[in-house]
Amino acid sequence: ETFVCEKTPKIFYEIPGYKFFHTDRTMQSRGGAGLYVKDGIDCKEIKLCKEVVQPEICFVEINCNYTKVAVGVIYKSPLISYTQYAVLDEILAPIITGYEHHILMGDYNIDHLKPNASDCKFFREHVTEPFDLTQMITEPTRITDSSGTLIDLLLVSYPDNVKISGVVDVPAIGDHCLIFSSYAVNKPKFQPKIIVKRKMDNFNVEQFKNDIAFAPWGSLSAFDHDDLDNKITVIENIYRDIMDKHCPKVEIRVTHPSSSAWRTEEIKNLQNDRDKYYTKFKKMKKDEKQLSKHDINFKAKMKITENIYHQLRNKVTHAIRQSKIKVFDEKINKKLKQPKQFHHALRTHNVVDTKTAPLTSIKILPNILNQAFLSNNNASIDEELLAEEITKINNKPIHSGPQFKFSEITGLDIKKIVKTIKTNACGVDDISAYFIKISIEHTADILADIINSSFINNFFPNRWKEAIVKPIPKVSNPTQPTDYRPISLLPAFSKIAEKIAAKQMSHFLHEHKLLDKLQSAYRVSHSTTTALLTVTDDIFKAIDESEIALLTLLDYSKAFDTANHKIIIAKLKHFGFCDDALAWVTSYLSNRKQKVRTDSDSEWEFIQNGVPQGSILGPLLFTVLVSDISENITTGNHHTYADDLQFLLTFKPAEAANAFHTTNTVLNNIANYSNNNFLKLNTDKTKYIVIGSQHNLKTLSAQELPPLKLNGDILERKNNVKNLGVIFDENMFWTNQINTIVGKAYGRLKQAYKFRNFLSLESRFNLIEIYILSLFNYGDVLVGNMSGRLANKIQRLQNSCMRFVFGLRKYDHISNCYEKNKTLNMENRRKLHSLILMHKISIGLAPEYLSEKLVRHSDLHEYNTRGRENIAVQRVNTSVRSNTFFISISKLYNDILPIIKENRQNEMSVPLFKQKCKTYLTNQQFSHLPVS
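According to the working numbering, the residues represented by the sequence shown are 1409 to 2340, in order.
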């Protein structure tokens, strides 16, 4: 806070050796914001996109080591409402996207030692969360005799770059402490490494396929029909020999980051010349006083050197720009019609963020990592309890329908399945799925014979049960095994067999409705979105009826690792799997082993329990394991998605104590079920949230409620919980959810802005659709009741994207850009996605639990009215529910369907409905334009 106004004499605030950037105070006796920047630092003031009175803002661009950093100071008077920070939504957007690094300081007059206070929440919702900023100061910055407050803040975009920060008391300056920090702009030093890869420079697909076609496949007939392990060894050897011939392995020592494609030899030479003259000029400048005494022409020589440096610098800049334009045009802009190559090029050239490997090598021995990863799989179990549970399952009546057995497959089945394999990662056989895909026309029948033999002999090949485990860091500086996540790599051939088996098993389980109806994982037409939609609808219905919803999210610890093989087999038997099918699944699960690969390999370790991580069949077998959990939940509502279980109970405020007791009973039943099935519940991560209207929650807060317990531990109540990737809050306002996505979207847009000038308009449009706006697609059908303020925040993000696409400045209007491309705004995008899902529900292409929520007028009466097939929209009591999916979208669907159906009597397919619906919404949005 400077107190500076335009009448203040400069002598009062100027400091020799520093530039002073400032915004004059707007109040009579207080205010003003400013920055001092040391002379010699390349900097300039950043003009704001709009003028604001409060808060007072000053931003400066600092050019540091060829990196531009936006440094800002903000001051808000304590006499002004904290709601004025809402203006930063618009002010910060172009700054966040225009610079990679951001540092915001100042006296914000919001006490961050009280995070639950309304002003602090407001600040988080409008500033830190939407723009993904982190507040680094943790100590009080204004201390009086009676209080200590943290009102002087340091906000940064990359907290890992802050090497030190803190507070220091300097009484002579004022009644605030000074905050300080050291922020590193330089990138971490590259660590040399050795990589082994196949040399694909001269790889010829047709020659490879030809060699595969004429390989000695006849040698397989030398083995017995059931000798699958040896047959697979032969297949692997044939593939590897031909791969080694066409793309041999090479070992490369990487001592520095790979040079960008645009950095040609000519540019490198120019850069060397530029740096040479820059070094020479700096040395001459340093010794100017001494050398100019002895050489009267020294200053002229120094000026010539400086001019040569400037010429070379400009030449390098121009050459780099031209080279980048050429490379981006060839590698990205011309690949738009080849989506795979286009997106690969975007990642390669760092236009979009990529998940990169850690810079430091893994220092934990691979054997120690392997044992840590298997601690749950190989934990001892209670054999007596296991026997009791299996007996209990065996005593249940077996499914009365037809038995399941594996069916014979053909080469055509193999070809279809291979197309669906997405990853090209190599397993223990060192054969990528890529080589299998390009040659499958010659090997499909051979693989079909192998898999059919596997089904006939009830034997899953041992080679396909070996996994290579890659440890991936979960934290920035991993120091112990728990800091790593194990990623299992299985042979591509095994995934083909698993996909075949999983397809047949899934069809049987779903056809006979053997799995829990409320299990949404690994089922056709089911998803996390459909699961969340039914849960949120139940919650909104409760709020509308003046009830409260108690939602408990249970977390299993390493559930896939502890899944018991014998219990899975017993439950498959209960579902009607024949003995041969059970024997094959037993073979699939048993005698599996893994080793960890870092710089070296660990020893092989056998896996006693658990379904294979990274497998195709494993997740399906896990859903079989937990398929009967609903038998233990006799009240309320529950939903499962793989190992995610949630329980919902709704009640009137006066019934709260009883509802908590009921929930505890259900939790106890779930705990007993989990214990009997050897699944470990994680009480530390199991949370609950109480959801309702603000009035009802206030009423509830006056009551003394019993704690929720799980396995004797008291569960933590949260104000916000992440449920299948979507953040729920106590009032279902979606504030944290929207802010989180907006922050992530601005981060991606900021990354893309560095390359805007090298991408074509079409490439930019494609990029923002797939990598930025798509972030809002997930769960957008849930948030129809969000406030207009949040909707505006999302729309401003799309506006920023359109400015990026069309190269507009922050002051330019953008409505004509939407009109030019007939681009749907974010509101209409949400409507489109919601209407498509409603259409799927309407025609039976959605889960049963959603279809049951739709009631048509024909279900309520027999009158032959025009709208008898329309959805009967429920009456609602509150505006909160009126904007939710099953209310607002049902009305919209009823209105739109007759218009876009155009007297068609048959059901519209989903693609046709999507096309017609998009056209309708586009015409509505641009109804002011003449029809083209």
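Even glycine gets a Cβ: it sits at the ideal position worked out from N, Cα and C.
In this text the structure is predicted, and so the values were computed from the model without any measurement.
With fewer than three CB-CB distances shorter than 8 Å, the region 1970-1982 does not count as touching the region 1831-1849. Of the candidates N1610, T1687, K1697 and N1618, the residue whose Cα lies closest to the Cα of K1657 is N1610.
The alpha carbon of S2023 has as its nearest neighbour, out of E1906, H1973, Y2219 and L1678, the alpha carbon of E1906. In terms of Cβ geometry, E1464 and A1441 form a close pair [threshold 9 Å]. Distances from the alpha-carbon of K1653 to those of E1816, M1608, V1662 and H2103 put M1608 closest. The C-alpha of E1696 lies about 18 Å from the C-alpha of K1684. The three-state reading of DSSP puts F1611 in coil, since its state is none of H, G, I, E or B.
Looking at the DSSP output, R1433 sits in no beta bridge, so it has no partner there. For S1896, there is no enclosing alpha helix (DSSP H); the enclosing beta strand (DSSP E) covers residues Y1892 to L1897. Y2081: member of the alpha helix (DSSP H) spanning A2064 to N2084, first to last residue. With a cutoff of 9 Å on beta-carbon distance, H1757 and A1669 are scored as near each other.
In the structure shown, L2113 adopts coil according to DSSP, grouped into three states. For the pair D2267 and P2027, the Cα-to-Cα distance works out to about 38 Å. Separation of Y1474 and E2112 (C-alpha to C-alpha, rounded to the nearest whole angstrom) is 60 Å. Q1912 and F1985 have their alpha carbons spaced roughly 12 Å apart. Taking 9 Å as the cut-off, the beta carbon of M2194 is found closer than this to the beta carbon of F2141. Rounded to whole angstroms, the separation of the alpha carbons of R2217 and I2180 is 19 Å. In the displayed model, D1821 falls within a helix according to three-state DSSP. By DSSP's assignment, M1513 forms a beta bridge with V1481 and L1562.
In the DSSP annotation of this structure, the continuous segment of the beta strand (DSSP E) that includes D2137 starts and ends at V2134 to D2137.
Rounded to the nearest angstrom, the gap between the Cα atoms of T1505 and C2225 is 19 Å.
S2242 has its alpha-carbon roughly 36 Å from the corresponding atom of P2020. Secondary structure note for T1960: its beta strand (DSSP E) is the uninterrupted segment I1956 to D1963. Annotated three-state conformation of S1590 is strand, per DSSP.
Inclusion of L2157 and S2208 in the CB contact set at 9 Å is warranted, their separation being smaller than that value.
Assignment of L1456 by DSSP, reduced to helix, strand and coil, places it in the coil class.
In this chain, D2052 is not harboured by any alpha helix (DSSP H); it is covered by the beta strand (DSSP E) spanning D2052 to F2059. Closest in C-alpha terms to N2165, from the list Q1730, L1926 and H1918, comes Q1730. When DSSP reads this structure, D2121 sits in a beta bridge with L2118. Scanning T2070, K2088, Q2054 and L2167 for the CA closest to the CA of L2132 turns up Q2054.
In this structure, DSSP gives E2013 an extended state, which the three-state scheme calls strand. Per DSSP, the beta-bridge partners of C1466 are V1481. Annotated three-state conformation of V1662 is strand, per DSSP. Beta-bridge analysis with DSSP links L2089 to Y1964. Within the region 1833-1915, the complete alpha helix (DSSP H) runs of at least 4 residues fall at 1841-1846 and 1848-1864. N1645: member of the alpha helix (DSSP H) spanning L1636 to H1654, first to last residue.
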